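Note that this note's numbering gives residue 222 to position 222 of the sequence shown, counting from 1, and the numbers run on in steps of one. Inspection log for the structure reproduced underneath, given as structure tokens.
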Amino acid sequence: VIKTGEQNDKNEEWTKLSRKHEIDVNHEKRHISIFGGKLTDCINVGEEVCEAVQQLGISLPEAKRKWYGEPDDVIRDEYLHQAHLMGLDELTPSGACEALSARLWRRYGAQAISLLETIREDPQMADPLIGGTDYVRCELTQAARREMIVTLEDFLRRRSKLALVVHHEELKNSQGLKDACEILFGKDAPERWEEYFGENSFFYEIKMNNKKFPQNQKNNAV
Numbered sequence: 001v002i003k004t005g006e007q008n009d010k011n012e013e014w015t016k017l018s019r020k021h022e023i024d025v026n027h028e029k030r031h032i033s034i035f036g037g038k039l040t041d042c043i044n045v046g047e048e049v050c051e052a053v054q055q056l057g058i059s060l061p062e063a064k065r066k067w068y069g070e071p072d073d074v075i076r077d078e079y080l081h082q083a084h085l086m087g088l089d090e091l092t093p094s095g096a097c098e099a100l101s102a103r104l105w106r107r108y109g110a111q112a113i114s115l116l117e118t119i120r121e122d123p124q125m126a127d128p129l130i131g132g133t134d135y136v137r138c139e140l141t142q143a144a145r146r147e148m149i150v151t152l153e154d155f156l157r158r159r160s161k162l163a164l165v166v167h168h169e170e171l172k173n174s175q176g177l178k179d180a181c182e183i184l185f186g187k188d189a190p191e192r193w194e195e196y197f198g199e200n201s202f203f204y205e206i207k208m209n210n211k212k213f214p215q216n217q218k219n220n221a222v
């Protein structure tokens, strides 16, 4: 990003220019604009934005509180202690890539402690949402409480990654996923289901095209 009035040094590598962020503050309109930057620099960008917000006269509650990164070792040790006492890893789904205690901590940090309580109350909450996957049912309740999931595609492709490891037809026939849809979307569940699996969906169109043009016909046409 090049500020207004700056000259571009032709000897400077262009990739450095494209990855440098700049924050512009319009004090008159009380407006902040962020230009450029990269994902790995998000903490620095965020800190600069916080400073700019305070310059505009807006106080930030707990401005110095560390909100990112893994929780303190004390919290992790307490979580692992509770997980050990309840035999959490014995509930790890068959074929899982990692122990259940490791998965929940890696994905949810301190929030994983509340998931332990959910599993204590109902051990079936440690069962896979769909057989053969690592995503367990208590993670769904966590997603429903804390994440703004608005479409089934959002849940399957970005939040849980289930669409990346399970065939489309298997997802469509999964009772666990139908239950998940009810929990996530309530009265809108049928609409969200039809949006993803119905005849007007993107995936249905792909399926129909594959039937019209089998792989061998595609190869012959090339």
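For glycine and all other residues, C-beta sits at the position ideal for the given N, C-alpha and C. None of the values given here were measured: they were computed from a predicted structure.
Check                                                                                                                                                             : Outcome
What do you get for E139, buried or exposed, if any count of 16 or more other CB atoms within 10 angstroms of its CB means buried?                                : buried
Could you tell me the boundaries of the alpha helix (DSSP H) in which F185 lies?                                                                                  : Q175 to F185
Report the rounded CA-to-CA distance for E47 versus Q175, giving the unit in angstroms.                                                                           : 45 angstroms
Hey, would you say L104 sits closer than 7 angstroms to A96, going by beta carbons?                                                                               : no
Can you check DSSP and say which residues form a bridge with F35?                                                                                                 : E22
Where do the ends of the alpha helix (DSSP H) carrying T92 lie?                                                                                                   : T92 -> no alpha helix (DSSP H), and no H or E assigned at all.
Identify which residue in L164, L39, L156 and Q124 has its Cα closest to the Cα of L177.                                                                          : L156
Using a Cβ-Cβ cutoff of less than 6 angstroms, which residues in the same chain neighbour S33 once the five nearest sequence positions on both sides are dropped? : D24
In this structure, how does DSSP classify P71 when only helix, strand and coil are distinguished?                                                                 : coil
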